[in-house]
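See below for the structure under consideration.
Residue numbers (my numbering): 1349 to 1501.
Right, dumping it as structure tokens:
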């Protein structure tokens, strides 16, 4: 038995690629016309890319909810405090002036009462002198015994 020999030929880059006989609209999905590194154009299967996954909704953190709920409350409280201070300003000014007057009265009393008491004693005593006590303490050395005398005049 004798087998038939077939001659295998390849296209060179100078030769044009024969038209595959398909229009671009007839090419099935997943198949594209590609140009190989040698310049030859042919049909080839291309991998399909998966469509991007839709974004997944993330739950809102508890701290963000709490902050969002407290923000109007805190802002309203600050606004109410500002309005209250604006209405109370005349009263606060009067109270601060009364406080300064009270401080001045206490300071005057701290100086004036002892002076009045001295004047009252000297007038009631009829010229009698008050008793003076003096102490004399002496010690010798750093850890020596201390001696002292008390004198009544």
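Beta carbons are placed, not taken as given, at the ideal position from N, Cα and C, and that holds for glycine.
Put simply, of 1397, 1409 and 1379 the residue whose alpha carbon is nearest the alpha carbon of residue 1389 is 1379. Residue 1458 and residue 1420 have their C-alpha atoms some 51 Å from each other. If only complete runs of 4 or more residues are kept, the region 1403-1486 shows the alpha helix (DSSP H) at 1410-1473, in order along the chain.
In this chain, the beta strand (DSSP E) harbouring residue 1392 covers 1389-1393.
Within the same chain, and ignoring the five residues on either side of residue 1499 in sequence, the residues whose Cβ sits closer than 6 Å to its Cβ are 1482. With a contact defined as Cβ atoms closer than 8 Å, residue 1391 and residue 1381 qualify at about 6 Å. If you draw a straight line from the Cα of residue 1462 to the Cα of residue 1470, it comes to about 12 Å. In this structure, the beta-carbon distance from residue 1492 to residue 1485 does not fall below 8 Å. Distance from the CA of residue 1386 to the CA of residue 1397, rounded to the nearest whole angstrom, comes to 26 Å.
Collapsing the DSSP output to three states places residue 1373 in a helix.
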